[in-house]
Amino acid sequence: MSGTVSAATRPDAVAREVPAGRRPGWWGMVLTLATDVAAFAALLAAYFYIRFVTAGDNWPPGEIPEPKLLKAWIMTGLLLTSSLPLVVADLGIKKGRRGRLLAGVGLTFLLGAAFLAVQGLEYHEKLTKEFTPQTNAYGSLFFAITGFHGLHVILGLLALLLILVAGLSGRITRHHHAVVRITGLYWHTVGAVWIVIFASLYLAAQL
């Protein structure tokens, strides 16, 4: 996915337009996201297999406490909220309003960075007080799933940063803004995947 994001945000890609129809970068992103969603589905399938087939009623296994929900709710709120200013940015640049583009993308970047900061705090708490990836299969899958998702957030932040640079330099205009929508597709998908992760790893663990 990193190749698709970086390719879509290179200066030459920002300035290039295809006359009609969906741009190649859009379809490239769709295919990449489909592959990534399949990877997340495989990880979650392994998680649920271990929980319902091998672990029985003892979940989380061993002495691991149930996931705390406060930080998870905060992360969910931050990531879901971050999609809205990116939509505003896309709609704004369509009308040639560069200020809305920069404000929207900048706010999305800050909210995404805040998500990672809270996740970092959660990781520190779990690694020092609760469990590590080496503790058992639950620990391995928890960090694999949330870490894989966190990597996608980092890639999205890099793409947003490149859009900010391109927007400030005037390379994104009302006629050349496909990269904003392509990055938006990526970011909204990352947010949707997080909802599934939140429901599976945090909420369902309370049942």
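Quick note: to get the working numbering, add 1 to the position in the sequence shown (first position is 1). In this text, a Cβ means the ideal position worked out from N, Cα and C, and glycines have one as well.
By DSSP, does residue 147 sit in helix, in strand, or in coil? helix
Between 75, 98, 130, which lies nearest to residue 115 when the distance is taken from Cα to Cα? 75
Straight-line CA distance for residue 189 to residue 88? Taking the straight line from one Cα to the other gives about 10 Å.
Rounded straight-line distance, which links the Cα of residue 97 to that of residue 127: 46 Å
Of the residues 117, 196, 83, the one placed nearest residue 42, counting alpha carbons only: 196
Need the endpoints of the alpha helix (DSSP H) that residue 95 sits in, please. Run containing residue 95: 70 to 95, per the alpha helix (DSSP H) assignment.
I'd like the span of the alpha helix (DSSP H) that includes residue 62, first residue to last. It is not in any alpha helix (DSSP H) - residue 62 carries neither H nor E in the DSSP assignment.
Among 182, 124, 171, which has the Cα closest to the Cα of residue 85? 182
So for residue 153, helix, strand or coil by DSSP? helix
Please state whether DSSP places residue 36 in a helix, a strand or coil. helix
Any beta-carbon of chain D closer than 8 Å to the one on residue 153? As a matter of chain content, chain D is missing from the structure shown, which is built from one protein chain.
Ordered along the chain, which non-local residues of its own chain (more than five positions away) have a Cβ less than 8 Å from that of residue 45? 146, 197, 198, 201
So the alpha helix (DSSP H) residue 206 belongs to, where does it begin and stop? Looking at the DSSP string, residue 206 is not in any alpha helix (DSSP H), and its letter there is neither H nor E.
Chain-order list of residues whose beta-carbon lies under 8 Å from that of residue 169 (same chain, five-residue window excluded): 103
Between the region 119 to 139 and the region 170 to 179, are three or more C-beta pairs nearer than 8 Å? no
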